[in-house]
Amino acid sequence: MKISCVIATYNGEKYIAEQLESLFYQTRQFDEVLIFDDCSTDLTVKIVKQFIREKHLNNWFVSVNEINKGFSKNFFEGLQKATGDFIFLCDQDDIWYKDKVQRMTDIMLDQPQINILSGGYKPLVSKSMDSLSKIYYFFNNKFSKKDKKVVLQRFKKNSVYTTRPGWTYCIRKEFLDSCKNLYHNYSSHDGFFWRYGMINDSFYNFNCETGQFRRTSNSASSFSNSKENKVRREIELSKNYRQICLDMLKYLSTTDVPRKRYKQKIYIKTIKYLEARIIFLENRSMKNFIKVSIFSGYTRKVWYAKDCLNMLGKL
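Heads up: the sequence shown begins at 1 in UniProt numbering, then just goes up one per residue.
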């Protein structure tokens, strides 16, 4: 059995050394660590190479892209180069607990029905984060289960939206190979695996903290943005998710999965919500807001909170 770790980096000089340290001191070592840098303009690559050299890590490799690919594409293409039976995804600024790899690998070995296993985390929230993000991560941590059970993540109304960060994922290589040709750049890499794992009833979560999830104002999942760009970004995001739902319906039309008709119904209604949301964001009115509210069960709570703020003119 071989275990791989894939890291995507870009201008991560501030925290990359701490991230690498937490990988190096794992109780179960990786058989290969593949680091793909997306044309960083800071000292990220220098720090990584120095770390590899000083620790004499012959099975750690760093590659610098010739052109900037973007975060998700860089990550997804990197994953396809991994050769391990189990592949761990890793960001550039988090902190892994030293037994993360050992515990998650043992679970994957013991439960072959799991194609993707995610783990819990403790938010490490920067003071620079906006208030909405701070509130979200506070309650997310407060209500996260920590009973150390391994639980199937059942498909439900809002399952199109990712709720587990990619760095907590361990993916079975066979599953990656089976769905890699379905990936499109308008989907995040972790969202892609989340949805295909969920739709096949093979995405599980380990209800135990496996590391610290660093959140800053520059984080990809931060809700902070300049006022003039927020609505435009929400429109683009909704359009992307609409296309993702269409992709999933196409996949369902050619694949036998558990509760197939139920899942098709959910994606159809999610599309209706997204279409109503796009109209509302483009033309804010009470009439359009009511249409969004009708389908609010098919979205993330934080999205609906944003829509309410937008209706009040405070987004």
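Even for Gly, the Cβ is constructed at its ideal location relative to N, Cα and C.
Check                                                                                                            : Outcome
Same chain, Cβ closer than 6 Å to Tyr-10, neighbours up to 5 away in sequence not counted                        : Asp-38, Ser-40
Inter-residue CB distance, Thr-210 and Gly-119 (contact presumed, cutoff 8 Å)                                    : 3 Å
Cα-Cα separation, Tyr-137 to Pro-123                                                                             : 7 Å
Exposure of Gln-92, with buried meaning 16 or more beta-carbon neighbours within 10 Å                            : buried
Host alpha helix (DSSP H) of Lys-46 (start-end)                                                                  : 44 to 55
Lys-239 versus Arg-259, Phe-203, Tyr-186, residue with shortest Cα-Cα distance                                   : Tyr-186
Segment contact flag, the stretch 62 to 72 with the stretch 141 to 156, C-beta cutoff 8 Å, min 3 pairs           : no
Through-space distance from Val-125 to Arg-214, alpha-carbon basis                                               : 6 Å
Buried versus exposed, by CB contacts within 10 Å (16 or more), Pro-112                                          : exposed
Distance between beta carbons of Gly-78 and Cys-117, contact taken as under 8 Å                                  : The amino acid at residue 117 is misidentified as Cys; the sequence shows Leu. No, Leu-117 and Gly-78 are not in contact; Cβ-Cβ is about 19 Å, not under 8 Å.
Start-to-end residues for the beta strand (DSSP E) that takes in Asn-74                                          : Looking at the DSSP string, Asn-74 is not in any beta strand (DSSP E); the run it does join, the alpha helix (DSSP H), is 71 to 79.
Cβ-based neighbour list, Val-292, same chain, cut-off 6 Å, excluding 5 preceding and 5 following                 : Ala-276, Arg-277, Phe-280, Asp-307
Every unbroken alpha helix (DSSP H) within the stretch 227 to 304, with a cutoff of 4 residues, ordered by chain : 227 to 253, 260 to 282, 286 to 294
For Arg-214: DSSP bridge partner residues                                                                        : Leu-124
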